[in-house]
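So the protein lines, in turn, are chains A and B. So the first sequence is numbered by our numbering: it starts at 1052 and just counts up by one. So the second sequence is numbered by our numbering: it starts at 108 and just counts up by one. Note that beta-carbon positions come from the ideal geometry of N, C-alpha and C, so glycine has one too. Below you'll find the structure, written out as structure tokens, and then a few comments.
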Amino acid sequence: MKPRQKAILLDRLIFLGCSLVVLMFLFPVLCLVNISIKPTELITAPTFKIFFTPTGQHYNYLFVGPQPISLFLFNTMIISLQVTIVSLFFGSLAAWAFSRIAHRRTQGLMYWMVTTRLVPPVAFAIPLYLVIQMLNMIDTRAAVVLTHSIYCLPFVIWIIKNYFDEIPLELDEAAQIDGCSVIGSLLRVIYPVAKPGLVAAGVLTMSISIGEFFFALILTGTAAKTLPIGLISFLSTHMLDWGKMAAGSVILMIPGIIIGLCAQKYLVSGLTAGAVK
Amino acid sequence: MAKERKVNAPRKPWRTKKYWLLIMPAVIILLSLTVYPSLYTIYASLHDWNLTMAESRRFIWLGNFIKIVSNSLFWTAMKNTVLFTVYSVAAQLLIGITLALGLNKLGRRGAILATLLVIPMMIPEVVAAITWQLMYNPSYGPPSQIARLLGIYNFPVILADARIALVGVAAVDVWRNTSFVVLVLLAGLRAIPAYYYESAAIEGASAWQVFRCIIFPFLRPFLITVILFRGADAFKAFDAIYVLTRGGPGNATETLAYHIFRQGFGFFEIGYASSLSVIMLFVASWLSNGILKVSTRFDQSGSGS
């Protein structure tokens, strides 16, 4: 075979292979969506039915039925937003200072932050639970926001700091020579340049926060219950009702996917900032 | 003579006090909410303390730790955690590198496929776990249903088989996070200048040589980033295990994180659970020490060597 034909064949094969893999990755998601619009009788059928008339009964049940999930959805979104704002605000300030202060002095703190990233929230859970209980904040949204922000802060600081490291000190100096105060230079000059990193950190925090499960599990009851917890309780009471589960899961998936698709290029640049030299 | 400054000499940042002022709020929050619980956890680990029988709290020095080390369940959990992390990271790396290389070759079509790959990454862990709960389900799971359609009637029930349940749970982690690996590696691959490939073609290098001498050195910092992030997340994975198996069947999928949860929030043995947490903290800090050393070593050597 001529080399050119060989190259084309290789290219086609690679495309086919990659597409298959990507399809396999999307398959579970497609199954979930499929189940969420399938009438219950077809879900429990022994074999897989490909052609059927879709139904909105599951979604309808979730919002209008005996246990509406509107509250859970609302809680989830509000909590994620607040966590993202808090983490970004404090995190970016800290990240900038970490980035600019001499390495030796901040080494201990960086070390502590990496350590907290390695430890599951479970390890901190017990004392945090006792503290929240003492403050009488069990079953409030604020409790989840507080605890989840601690969890997200090190991650946010790490990403943003790596991004700030790429910005040369000369920029700071130029801004301050032109008359900005330290904080002014941060706001007017550094933030705009670091926007991709900030967006990446924000997007990641938001998506982690939407699915936040553990702290919501131990700290909430009924008023501040989030959608992930609500879904899991479906798993026990509606043991056989996969339609509702699937519908609820799809609803929980949508914000994350939208954010991800819109902010894709920011994600990559933010995550790889530390590695590209 | 004017004071000369070498271009790459470490800079001494100025107005250090103001910078500290900016860090303080975040640091105070972070420290108070992580150091305090850690100290409290250490305190609790020295007691025999069951939350349901609070009055019977006794100070027992290192009694809990002795109990842990002699408890085979702890070592099982440790083993499961290590296995889970290794399976998960290895699979993500293998699939991730292969896919990234392929997508890189495909140019624009590769970019579109990569965009589609973002989807599993953005799905909350819980939803991923629920999705795979569905997939593994022998009655309603589409894989089993399709198998039955094709005449295969004994599709294995993965989560009930103690031998491969851990692999099954790890598969969820792999499914959700391989996209991360692919995206990061793809970004790294795109950063390789074209003339490297051209000179390799002129020199007649084989594909393996191209990989070993050009691609791998360039990708090294990205690979380290990936292994760090994914390893850390796999080490403390909890959500999938809680949703899919609750540590079962038997103790086949009980990792350290779930073990702590079961002891502390299931049996309310706060003393015992706290000592487990202390051990995990020690392991984590030892690991993070290594991680920081490795990442700064590679930072200095740079990627263009």
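Query                                                                                                                     : Result
Which of helix, strand or coil DSSP assigns to A:Asp1292                                                                  : coil
Selection of the stretch 1199-1216 of chain A by Cβ proximity to chain B, strictly under 8 angstroms                      : Ser1200, Ile1201, Leu1204, Pro1205 and Ile1208
Interface flag, A:Phe1125 vs chain B, CB-CB below 8 angstroms                                                             : no
Cβ pair B:Ser384, B:Thr148 closer than 8 angstroms                                                                        : yes
Those residues which DSSP pairs with B:Asp155 across a bridge                                                             : B:Arg165
8 angstroms Cβ cutoff met for B:Tyr365 and B:Gly354                                                                       : yes
Proximity of A:Lys1053 and A:Gly1294 at Cβ, strictly below 8 angstroms                                                    : no
Where B:Glu59 falls: helix, strand or coil (DSSP)                                                                         : Within the shown structure, residues of chain B are numbered from 108 to 412, placing residue 59 of chain B beyond reach of any answer.
A:Glu1224 - DSSP class collapsed to helix/strand/coil                                                                     : helix
Neighbour flag for B:Asp268 against chain A, beta carbons, 8 angstroms                                                    : no
Cβ-heavy atom distance, B:Leu330 to the ligand SAM, below 7 angstroms                                                     : Absence of the ligand SAM is noted for the structure shown, with no ligands found whatsoever.
Listed by chain order, chain B residues near A:Gly1262 by CB distance under 9 angstroms                                   : Ile230, Pro231, Glu232, Val233, Val234, Ala235 and Asp346
Beta-carbon proximity of A:Ala1146 to A:Phe1206, cut-off 8 angstroms                                                      : no
Straight-line Cα distance separating B:Ala207 from A:Arg1055                                                              : 23 angstroms
Spatial distance of B:Leu330 from A:Gln1108 (CA atoms)                                                                    : 46 angstroms
Proximity below 8 angstroms, CB of B:Val196 to CB of B:Ala341                                                             : yes
Rounded straight-line distance, which links the Cα of B:Trp156 to that of A:Lys1316                                       : 50 angstroms
Beta bridge counterpart(s) of B:Glu376 as assigned by DSSP                                                                : B:Asn157
Below-8 angstroms beta-carbon distance, A:Phe1266 vs any chain B residue                                                  : no
Delimiting residues of the alpha helix (DSSP H) encompassing A:Ala1174                                                    : Pro1172 to Met1185
Nearest candidate by alpha-carbon position, reference A:Trp1209, set A:Arg1168, A:Leu1060, A:Phe1123 and A:Ile1241        : A:Arg1168
C-alpha distance - B:Ile187 paired with B:Glu310, whole-angstrom precision                                                : The amino acid at residue 187 of chain B is misidentified as Ile; the sequence shows Asn. For B:Asn187 and B:Glu310, the distance between alpha carbons rounds to 48 angstroms.
Neighbour flag for B:Trp315 against chain A, beta carbons, 8 angstroms                                                    : no
Sequence-distant residues of the same chain with beta carbon closer than 6 angstroms to A:Tyr1110, five excluded per side : Ala1298
is_contact[B:Ala51, chain A] using C-beta, thresh 8 angstroms                                                             : Nothing can be reported for residue 51 of chain B: it is not among the residues displayed for chain B, which extend from 108 to 412.
Neighbouring residues, chain B, relative to A:Met1188 (Cβ below 8 angstroms)                                              : Simply none; closest approach about 13 angstroms.
Contact check, B:Met229 vs A:Gly1311, beta carbons under 8 angstroms                                                      : yes
Per-residue DSSP class, three states only, for B:Ile299                                                                   : coil
Per-residue contacts from B:Leu399 into chain A (C-beta, under 9 angstroms)                                               : Gln1158, Met1161, Tyr1162 and Val1165
Contact under 8 angstroms by Cβ, B:Val276 with B:Thr183                                                                   : no
Nearest neighbour of B:Val264, chosen from B:Met131, B:Leu273 and B:Ser145 [CA to CA]                                     : B:Leu273
Between the CA atoms of B:Ile367 and B:Ser145 - distance to the nearest angstrom                                          : 14 angstroms
Reduced DSSP category for A:Ile1059 - H, G, I as helix; E, B as strand; rest coil                                         : helix
Cβ-based contacts, 8 angstroms cut-off: residues of the stretch 1297-1317 of chain A near chain B                         : Ala1297, Ser1300, Leu1303, Met1304, Gly1307, Ile1308, Ile1310, Gly1311, Leu1312 and Gln1315
Sub-8 angstroms separation of A:Val1182 and A:Leu1270 beta-carbons                                                        : no
Among A:Gly1272, A:Thr1127, A:Leu1064 and A:Val1301, nearest to A:Gln1184 - alpha-carbon criterion                        : A:Gly1272
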